[in-house]
């Protein structure tokens with residue numbers, strides 16, 4: 024169940040980053056106060072009304088276009104150049120050596136004795152301290 028939720032979360036975050044970097048434009052064309060055309064990709068079309076030259080002079084232009092620009096992020100993280108100083112060199116070398124030693128196979132042999140007898144205890148400590156398990 025946990026891998027399923029981690030996959031959903033990672034996919035959602037990847038889509039969020041992808042969508043936050045997109046920039047797009049919405050263009051709306053109104054004619055006479057009514058919405059005639061909406062375009063998300065290209066230019067919105069005109070009124071598609073044929074007017075004669077005499078009608079153009081008599082009637083004011085009743086059409087208008089609105090353009091809404093939604094700007095995304097240009098940079099997700101400010102870029103910075105990594106500067107390597109000689110003061111950081113011992114720390115870097117120590118890290119590499121300790122990291123490399125994590126993956127070294129150490130073959131040790133287990134010594135198991137079949138005839139192992141416990142050591143001989145000359146004093147009985149339970150009787151000496153009078154502490155008995157009941």
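Residue numbers (our numbering): 24 to 157.
C-beta: ideal position from N, C-alpha, C; glycine also.
Just so we're clear, the structure is a prediction, and the values are computed from it rather than from any experiment.
For residue 152, the number of other beta carbons within 10 angstroms of its own is below 16, and it is reported as exposed.
DSSP, read as helix, strand or coil, puts residue 127 in coil. Looking at the DSSP output, residue 38 shares a beta bridge with no other residue. Spanning the alpha carbons of residue 134 and residue 128 requires a straight line of approximately 19 Å. Going by beta carbons, residue 93 and residue 49 fall inside the 9 Å limit.
Secondary structure at residue 134: coil, using DSSP grouped into helix, strand and coil. When only Cα atoms are considered, residue 132 and residue 118 end up about 29 Å apart. Taking the Cα positions, residue 86 is about 12 Å away from residue 67. Rounded to the nearest angstrom, the gap between the Cα atoms of residue 147 and residue 155 is 11 Å. Per DSSP, reduced to three states, the secondary structure at residue 119 is helical.
Collapsing the DSSP output to three states places residue 114 in a helix.
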